[in-house]
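Visitor:
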Amino acid sequence: MNEIAPLEQFSEAPVVAACARAPVGLLAELTHRCPLQCPYCSNPLELERVNTELTTAEWQDVMRQAAALGILQIHLSGGEPTVRKDLEDIVEVASNAGLYTNLITAGVTLTRERLVRLKELGLDHVQLSIQDVDEVNAEKISAYKGGLAKKRELAHWVRELGMPLTVNAPIHRHNIENLPNIINFAVEMGAGRLEVAHIQYYAWALKNRAALMPTRAQVLKTAEIVEEAKERLKGILVFDFVVPDYYAKTPKPCMGGWGRGIMNVTPQGRVLPCHAAETVPGLEFDNVKDKPLADIWLNGQAFQKYRGTSWMKEPCRSCPRAEIDFGGCRCQAMAFTGDAANTDPACKFSPFHAAFVAIAEDESSQAAPPPFVYRRMGAAKAAAE
Amino acid sequence: MENVEPVMATEAPRTRTIIASASKPALPPHIKLRHDAGRGRWLILAPERVFEPDPVAVEILKRCDGAMTVEDIASLLAKDYNAPLQEILADTISMLQELSDKGVIRA
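If you're matching them up, the sequences are chains P and G in order. Under our numbering, think of the first position of the first sequence as 1121, with each following residue one higher. Under our numbering, think of the first position of the second sequence as 4, with each following residue one higher.
1. Determine the direct distance from the alpha carbon of G:L36 to that of P:Q1509, and round the result to whole angstroms.
2. Thinking just about the alpha-carbon of each residue, which of G:L99, G:R109, G:D104 and G:A110 is nearest to the one in G:D57?
3. Can you give me the Cβ contacts of P:F1361 inside the same chain, cut-off strictly under 6 Å, excluding the 5 residues immediately before and after it?
4. DSSP three-state call for G:E55: helix, strand or coil?
5. For P:P1401, tell me which candidate among P:M1454, P:L1189 and P:L1418 has the shortest Cα-Cα distance.
6. Looking at the structure shown, is P:K1516 part of a helix, part of a strand, or coil, going by DSSP?
7. Are the beta-carbon atoms belonging to P:P1159 and P:W1324 less than 8 Å from one another?
8. Measuring only between beta-carbons, confirm whether P:Q1247 sits less than 8 Å from chain G.
9. With C-beta atoms as the reference, is P:F1359 less than 8 Å away from P:L1413?
10. Excluding sequence positions up to five away, which residues of its chain have a Cβ less than 6 Å from the Cβ of P:E1273?
11. Output needed for P:E1173: all residues of its chain with C-beta closer than 6 Å, excluding positions within five of it in sequence on either side, in chain order.
12. Looking at the C-beta of P:N1222, does it have a partner C-beta in chain G at a distance below 8 Å?
13. Please report the residue range of the alpha helix (DSSP H) in which G:Q100 lies.
14. From what residue to what residue does the beta strand (DSSP E) around P:A1306 run?
15. Please name the residue, chosen from P:V1228, P:R1279 and P:T1175, that lies closest to P:I1210 on a Cα-to-Cα basis.
16. With a cut-off of 8 Å, does the C-beta of G:D75 fall near any C-beta of chain C?
17. Taking its Cβ as the centre, do 16 or more other Cβ atoms sit within 10 Å of P:S1485, making it buried, or is it exposed?
18. Please go through the same chain and pick out, in chain order, the residues whose beta-carbon is closer than 8 Å to the beta-carbon of G:E74, but skip the five residues on each side of it.
19. Measuring CB atoms only, is the segment 1391 to 1407 of chain P touching the segment 1429 to 1446 of chain P, in the sense that at least three cross pairs come out at less than 8 Å?
20. By the three-class DSSP mapping on this structure, what secondary structure does P:R1495 have?
21. Inspect the beta-carbon positions of G:I63 and G:A49 and report whether they are closer than 8 Å.
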């Protein structure tokens, strides 16, 4: 049986025909508000304010449109999605529309009462993120006190209610040595899945890269640990291992290919091909308040710009992997090479690859990493000044 | 009376489930076998995953109701496909074991 990764979902269809259909998943960033301040947050440096967020009715309409378009799974994310008091109203509509609903939470604001209600309304799955299993370290990373105890409590409620639980653990130099304990924590919490997710360096994580980057040896060690644990915990815990691309030879097929498998709606309603797409100049983002979701997906300028392979330059254009990794990540190409249509510097064929690897090696070898720029309103700007 | 620790049905399995002829497989509530009419195929919706089962897997999964044993399911398939039971049974067990390891079925 095949898993349909976004990349493979239309493997037998030509790219153009494939994109004429719906994406498998929609990431709904309900809000950018979050009580945690993790320095690797995937939200943009310019956070959207509460008074600009879509209304309940607007989000409900997004859910109905998504289902009609053929989207299968909704990832309710943020920020922290549970800070929206109308989360229940959104979940109810999504679930009634037939969508598989996934709540992505930091687990410090949700009460048992609300979780029970969300379950009744059809919430299918909870993904709980953790910063570390060492409490002091977790507090340092998230700039939030007492988070770990609350997360344990939430994990317990999720399992008590018979709901499936995924633990998501972003991995970086400040918690990488604790990976074996993080795996034990996931087993202890009754999780069915664990995401061992090496940080992807965009947005806040890019800003904090020098503070977060692990060494190559540390990264290789995590791969070994996960391989061993996968075998030992077969049938108990399913692993997802996200590798850091600074030490890779070939780039990741970012988002399964631009405008191919996933779409992202920001708190204000802008529809993006990926979280970081707003860092690429020259893209026009449509808003769900102005246009139907299907029209945005099919015809939106931002989606069309890097969809498929016709936008590619060399070495991607003639590369046999062009339709495997789609040239990697446009945002990383933009950030590192100044042109989003260049090959992702994570690719060994990129002329920028050597410099890209050298940065990771240099930053990770610094004995004392720089302090975190915590994710808060205005923090990125203040740090730059 | 002995003080027996209650076994919670909702607990994730903390030991690997081994599928045998007498196992009674079922899809847990959070796993959804759904026909995707737009794309003309069957899909399994799972936590942050979508699987596309092959036609034989679909026939097996439709029968995983928590009441029928693996052997019952294999017998039905052996009849439908006019194939030797032992062969179908072995294939069914190995497929269900794979599905169980992925968290798609319980038994």
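Where a beta carbon is used, it is the ideal one built from N, C-alpha and C, also for glycine.
Guide: Looking at the atomic coordinates:
1. Outside the displayed range of chain P (1121 to 1505) lies residue 1509 of chain P, so it cannot be described from this structure.
2. Counting from one through the second sequence, the residue named residue 57 of chain G turns up at place 54. Of the candidates G:L99, G:R109, G:D104 and G:A110, the one whose C-alpha sits nearest the C-alpha of G:D57 is G:L99.
3. The residue you call residue 1361 of chain P lines up with position 241 of the first sequence. Only V1316 and V1346 meet the Cβ criterion.
4. Residue mapping note: residue 55 of chain G aligns to position 52 of the second sequence, counting from 1. Residue state, collapsed to three classes: strand.
5. As a first step, residue 1401 of chain P must be located in the first sequence, where it is residue number 281. Nearest of P:M1454, P:L1189 and P:L1418 to P:P1401, Cα basis: P:M1454.
6. A query on residue 1516 of chain P cannot be resolved here, the shown segment of chain P reaching from 1121 to 1505 and no further.
7. Here residue 1159 of chain P refers to the residue found at position 39 when the first sequence is read from its first residue. Here residue 1324 of chain P refers to the residue found at position 204 when the first sequence is read from its first residue. Yes, they are a contact pair.
8. Working through the first sequence from its first residue, we reach residue 1247 of chain P at position 127. Cβ-Cβ to chain G under 8 Å: yes for P:Q1247.
9. On the first sequence, position 239 is the one that residue 1359 of chain P refers to. On the first sequence, position 293 is the one that residue 1413 of chain P refers to. Cβ atoms of P:F1359 and P:L1413: not closer than 8 Å.
10. Position 153 of the first sequence, counted from the first residue, corresponds to residue 1273 of chain P. Contacts found: none.
11. Looking up residue 1173 of chain P in the first sequence gives position 53. Excluding sequence neighbours, P:E1173 sits near T1151 and P1387.
12. Within the first sequence, numbered from 1, the residue matching residue 1222 of chain P stands at position 102. Output row for P:N1222: interface = yes.
13. Counting from one through the second sequence, the residue named residue 100 of chain G turns up at place 97. G:Q100 -> alpha helix (DSSP H) spans L88 to D104.
14. To locate residue 1306 of chain P, count along the first sequence from 1; it is residue 186. From DSSP, P:A1306 is part of no beta strand (DSSP E) but of the alpha helix (DSSP H) over L1299 to M1309.
15. Your numbering for residue 1210 of chain P matches position 90 in the first sequence. Ranked by Cα distance from P:I1210, the options P:V1228, P:R1279 and P:T1175 are led by P:T1175.
16. The structure shown contains no chain C; the protein chains it does contain are P and G.
17. Here residue 1485 of chain P refers to the residue found at position 365 when the first sequence is read from its first residue. Exposed, because fewer than 16 other Cβ atoms sit within 10 Å of the Cβ of P:S1485.
18. Translated into the one-based positions of the second sequence, residue 74 of chain G becomes position 71. These residues qualify, in order along the chain: S24, A25 and L92.
19. no
20. Taking the first residue of the first sequence as 1, we reach residue 1495 of chain P at position 375. In the displayed model, P:R1495 falls within coil according to three-state DSSP, outside both helix and strand.
21. The residue you call residue 63 of chain G lines up with position 60 of the second sequence. The residue you call residue 49 of chain G lines up with position 46 of the second sequence. Cβ atoms of G:I63 and G:A49: not closer than 8 Å.
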